[in-house]
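Notes to accompany the following structure.
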Amino acid sequence: MQTVPNHQVDNLQIEDDRTGLSVECLKRAFLDNLFYVQGKFPKIATKNDYYMALAYTVRDRLLQRWINTAVIYTERASRTVSYLSAEFLMGPHLGNNLVNLGIYDQVKQAVSELGLDLEDLLEQEEEPGLGNGGLGRLAACYLDSMATLEIPSLGYGIRYEFGIFDQDIRDGWQVEITDKWLHCGNPWEIARPEWEVYVRLGGHTEAYTDEHGRYRVRWIPFQVIKGVPHDTPILGYKTNTANTLRLWTAEAPESFDFAAFNSGDYLGAVQEKMVSENLSKVLYPNDDSSQGKRLRLAQQIFFVSCSLQDMIRIVFRQNVPLEKFHEKFVVQLNDTHPAIAVAELMRLLIDEHDMGWDQAWQITQKSLAYTNHTLLPEALERWPISLFRELLPRHLEIIYEINYHFLEEVKAKFPGDSDRLRRMSLIDESGEKYVRMAHLACVGSHSINGVAALHTKLLQQDVLRDFYQMYPEKFNNKTNGVTPRRFIVLSNPRLTNLISSKIGDNWIKHLEDLKHLEAFVDDPEFCSQWRSIKSAIKQDLVAYIAQQNGITVNPDSIFDIQAKRFHEYKRQHLNALHIITLYNRIKANPDIDITPRTFIFGGKAAPGYYMAKLIIKLLNSIGDVVNNDPDVRDRLKVVFLKDYSVKFAQRVYPAADLSEQISMAGKEASGTGNMKFALNGALTIGTLDGANVEIREEVGEDNFFIFGLTAPEVYALKARGYRPLDYYHSNRELKAVIDRIASGHFSHGDTKLFKPLLDSLLYRDEYLLFADYQAYIDCQDRVSQVYRDRDRWTRMSILNAARMGKFSSDRSIRDYCQDIWNIKPVPIELGECIQAKE
Ligand code: Z57
874 MQTVPNHQVD
884 NLQIEDDRTG
894 LSVECLKRAF
904 LDNLFYVQGK
914 FPKIATKNDY
924 YMALAYTVRD
934 RLLQRWINTA
944 VIYTERASRT
954 VSYLSAEFLM
964 GPHLGNNLVN
974 LGIYDQVKQA
984 VSELGLDLED
994 LLEQEEEPGL
1004 GNGGLGRLAA
1014 CYLDSMATLE
1024 IPSLGYGIRY
1034 EFGIFDQDIR
1044 DGWQVEITDK
1054 WLHCGNPWEI
1064 ARPEWEVYVR
1074 LGGHTEAYTD
1084 EHGRYRVRWI
1094 PFQVIKGVPH
1104 DTPILGYKTN
1114 TANTLRLWTA
1124 EAPESFDFAA
1134 FNSGDYLGAV
1144 QEKMVSENLS
1154 KVLYPNDDSS
1164 QGKRLRLAQQ
1174 IFFVSCSLQD
1184 MIRIVFRQNV
1194 PLEKFHEKFV
1204 VQLNDTHPAI
1214 AVAELMRLLI
1224 DEHDMGWDQA
1234 WQITQKSLAY
1244 TNHTLLPEAL
1254 ERWPISLFRE
1264 LLPRHLEIIY
1274 EINYHFLEEV
1284 KAKFPGDSDR
1294 LRRMSLIDES
1304 GEKYVRMAHL
1314 ACVGSHSING
1324 VAALHTKLLQ
1334 QDVLRDFYQM
1344 YPEKFNNKTN
1354 GVTPRRFIVL
1364 SNPRLTNLIS
1374 SKIGDNWIKH
1384 LEDLKHLEAF
1394 VDDPEFCSQW
1404 RSIKSAIKQD
1414 LVAYIAQQNG
1424 ITVNPDSIFD
1434 IQAKRFHEYK
1444 RQHLNALHII
1454 TLYNRIKANP
1464 DIDITPRTFI
1474 FGGKAAPGYY
1484 MAKLIIKLLN
1494 SIGDVVNNDP
1504 DVRDRLKVVF
1514 LKDYSVKFAQ
1524 RVYPAADLSE
1534 QISMAGKEAS
1544 GTGNMKFALN
1554 GALTIGTLDG
1564 ANVEIREEVG
1574 EDNFFIFGLT
1584 APEVYALKAR
1594 GYRPLDYYHS
1604 NRELKAVIDR
1614 IASGHFSHGD
1624 TKLFKPLLDS
1634 LLYRDEYLLF
1644 ADYQAYIDCQ
1654 DRVSQVYRDR
1664 DRWTRMSILN
1674 AARMGKFSSD
1684 RSIRDYCQDI
1694 WNIKPVPIEL
1704 GECIQAKE
């Protein structure tokens, strides 16, 4: 191991020390950071010290780009996207920044010359799990693409102290453990206390007349919370752009403490501080469902108000008149979680900046745009009026006034249609009164988009039908996409190198170029390289599973993977029915010729979602029996990989042969895991749901395993009256599967354990597992057949990857820029405006 180099004998400039990209320079900077930041030298440094030293070395190389970007945006007062999201599921930063800076190989060499392994150091990073699943990860992919396309943008959200819980599996059950992602410090963020803002909560309002004789409202809050921004640079791929992710932490304002301190109530002041800090304490762990908790509403107004105030500060600093707010910023609302922005922007413009209602309303509508991510009724946010009044009395008044004007508009367009008024009102008055956040978002925005073609169509026909009839011009589709930088270049270097060796590396920024791979689909040499890469990656996962789960897996078996949040509509239990079907076939005929399969599951269940947790228990219980039954002879293995995360996902996607996308049609808004699997050469078995429809269109129906009812067929069946018991009685294999579970075969004879799950299937089956069962089994039998034809499978795998160009998040962001944001790239030149040294 080398020692710290002597600075005197080296003639590097300080700038080079902080920005240089040569291996020599990187080594020096690394040791320098180890010494001066971590206070360690190689002999006593831990792995984490090395990780931190490397992270700071990389951060130093980002800062010049970051500062340059900020200066140029400020000088030009560039039009900017504000992406408001309660979740940003970023994944580890280090590897991604190495890829985007284009210094992965140099750094690998630099650390290896110091006797270290880069993969080892990357493994050290605790990822910021500040999101639940698809919605939060989409926000992260979009930040990557905006930076890569040189689009000025700010991501705004909450810096949760505890992100999504860590998942452990004990006795087959999910157990939640608090996520302490900050406990070793976070080298990627910089706190900006100088830009703190204050957010009010509770209290009451008072009307008064101002000096111009105008009616005004004063809000006397019960509580004030301070928001402190923490900034993380978001680097584009091989550009000089470094945008910002700005996350807010909640603190108690000092002035409040002081009052209490002076009165001698020191502990009371500390108490107050703790109450305030609660606001950014923890991420709500529900994906696709809303709980209606008070603290959650407080989190929403907190980050929305902080962010809008921050934007107004920027507008003033850049000498843009507030009347032109909508020219400087476009604010994209990631679902309804930030929909309170409609009322908050109105309040800021009217109450705090003296603007009139009509002008404020124009600016608000022109600035805001709303993305819907769900068709599930339980995910549509509604807040009880009583809670709203208690926490946000002024916002409730504003919402009532918006509603008044809005309903007048509806009356004018649809005279005499009182039922329509009742359906469209911002207030649900059918029982206890609620504020409907999706309605607020629709009314207050100039654009409403769904996240896949089918989803947008269903929004227009069903969930938001009245709004589509009222404002057809606001509706548009923006099919989701994923970033190829993280989800193939970083996570699958072997495939990346093979692809680039054939078609160059333009595809990394222009994913449609992957289509040039089609020219090699009949090249036996290429096909065999493709196959051996997949096989090597599967081998890596085999080793991981052996070490993690103690299960021996056959690397030649089909790696059949379902990795996503647990939810009944996603139907992980349909997958379970297939496993048991194969198991029953083996039990009935142990010598049956079966294509070996490894069923791999990953994903978390919301802690309060009993049925989802029971499904996890079922999968683990099936694994315990199937994996150890001598009759099975290792032809089937069931593996539950605990604590699925972005970091882990990067390992899983490249290893898949088969991607399970089997939601009930009409329920999955888009899905994005489906895209990541296919991009890495997995074939999909899926329903015609969400973006599956478009993936199949792109890869060709011969290269996609489709099954099951379509969305219209689902509605028709439910309308006719669906009777799951009929399927149970008439389908011999299905009955045997259900009876096998009911018999206690997977629960040590306990016939009660899975009864709630079985009852819900037999007597309700809301997500039509029984109706789709036979089609699914038949389709899986076809998969097993095709897999036996190695060459055919490889060909299909290559064509899948080659035809995924559409699903780059770069394409999605270009579409947002064109149709909604009206924003053009602002290229950043390095060097001229800011030097690292005076
Ligand atoms: C979430 O992850 C999604 C929707 C929601 O309403 C909430 Br809350 C969380 C997901 C959808 O379920 C996926 O289908 C979609 O691909 C993803 O959002 C990104 O749009």
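If you want this note's numbering, it's the 1-based position in the sequence shown plus 873. The beta-carbon is built from N, C-alpha and C at its ideal position, and this holds for glycine as well.
Can you tell me which of the three DSSP states residue i falls into?
{"i": "K981", "result": "helix"}
{"i": "G1317", "result": "helix"}
{"i": "P965", "result": "coil"}
{"i": "R1087", "result": "coil"}
{"i": "S1163", "result": "coil"}
{"i": "V1426", "result": "coil"}
{"i": "T1209", "result": "coil"}
{"i": "W1068", "result": "helix"}
{"i": "S1518", "result": "coil"}
{"i": "F914", "result": "coil"}
{"i": "L1195", "result": "helix"}
{"i": "D889", "result": "helix"}
{"i": "S1543", "result": "coil"}
{"i": "G1496", "result": "helix"}
{"i": "L987", "result": "coil"}
{"i": "A1436", "result": "strand"}
Run the CB neighbour count on residue i, radius 10 Å, all protein chains shown included, and call it buried at 16 or more, exposed below.
{"i": "I1093", "result": "exposed"}
{"i": "I1568", "result": "buried"}
{"i": "F1360", "result": "buried"}
{"i": "I1465", "result": "exposed"}
{"i": "N969", "result": "buried"}
{"i": "R1186", "result": "exposed"}
{"i": "F1472", "result": "buried"}
{"i": "E1251", "result": "exposed"}
{"i": "F1095", "result": "exposed"}
{"i": "T1667", "result": "buried"}
{"i": "T1425", "result": "exposed"}
{"i": "R1438", "result": "buried"}
{"i": "H1446", "result": "buried"}
{"i": "V1148", "result": "exposed"}
Return the bridge partner residues of residue i from the DSSP annotation.
{"i": "N1116", "result": "I1107"}
{"i": "E1079", "result": "R1091"}
{"i": "N1349", "result": "N1322"}
{"i": "V1355", "result": "S1681"}
{"i": "Y1029", "result": "L957 and R1119"}
{"i": "I1063", "result": "D1104"}
{"i": "F1513", "result": "F1474"}
{"i": "W1256", "result": "V1308"}
{"i": "V1097", "result": "R1073"}
{"i": "E1124", "result": "K1099"}
{"i": "V816", "result": "Residue 816 is absent from the structure shown; the chain starts at 874 and stops at 1711."}
{"i": "D1046", "result": "In the sequence under discussion, the amino acid at residue 1046 is Trp, which differs from the Asp named in the question. W1046 pairs with R1043."}
Can you list, in chain order, the residues of its chain whose CB lies under 6 Å from that of residue i, leaving out five sequence neighbours each side?
{"i": "G1323", "result": "N1245, T1329, L1332 and N1350"}
{"i": "I1223", "result": "A1233"}
{"i": "K913", "result": "L907 and D922"}
{"i": "V1498", "result": "F1619"}
{"i": "I1410", "result": "P1527 and A1528"}
{"i": "L1384", "result": "P1357, G1678 and S1681"}
{"i": "L1368", "result": "I1406"}
Among residues of its own chain, excluding the 5 on either side of residue i, which ones have a beta-carbon nearer than 7 Å to its beta-carbon?
{"i": "S1180", "result": "S955, L957 and Y1029"}
{"i": "C1690", "result": "I1024 and I1696"}
{"i": "S1518", "result": "E1000 and G1002"}
{"i": "S1494", "result": "G1045, F1619 and S1620"}
Less than 8 Å between the CB atoms is what I'm expecting for residue i and residue j, so what's the real figure, rounded?
{"i": "V1203", "j": "A1242", "result": "6 Å"}
{"i": "R932", "j": "W1061", "result": "7 Å"}
{"i": "L1455", "j": "L1387", "result": "Wrong, their Cβ atoms sit about 34 Å apart, outside the cutoff."}
{"i": "L1027", "j": "T1114", "result": "The Cβ separation is near 13 Å, so there is no contact."}
{"i": "L974", "j": "R934", "result": "6 Å"}
With hydrogens ignored, establish whether the beta-carbon of residue i is closer than 7 Å to any heavy atom of the ligand MN.
{"i": "T1557", "result": "Ligands displayed in this structure: the ligand Z57; the ligand MN is not among them."}
Using C-beta distances below 8 Å, list every residue in its chain close to residue i, excluding the 5 sequence neighbours before and after it, in chain order.
{"i": "L989", "result": "Y923"}
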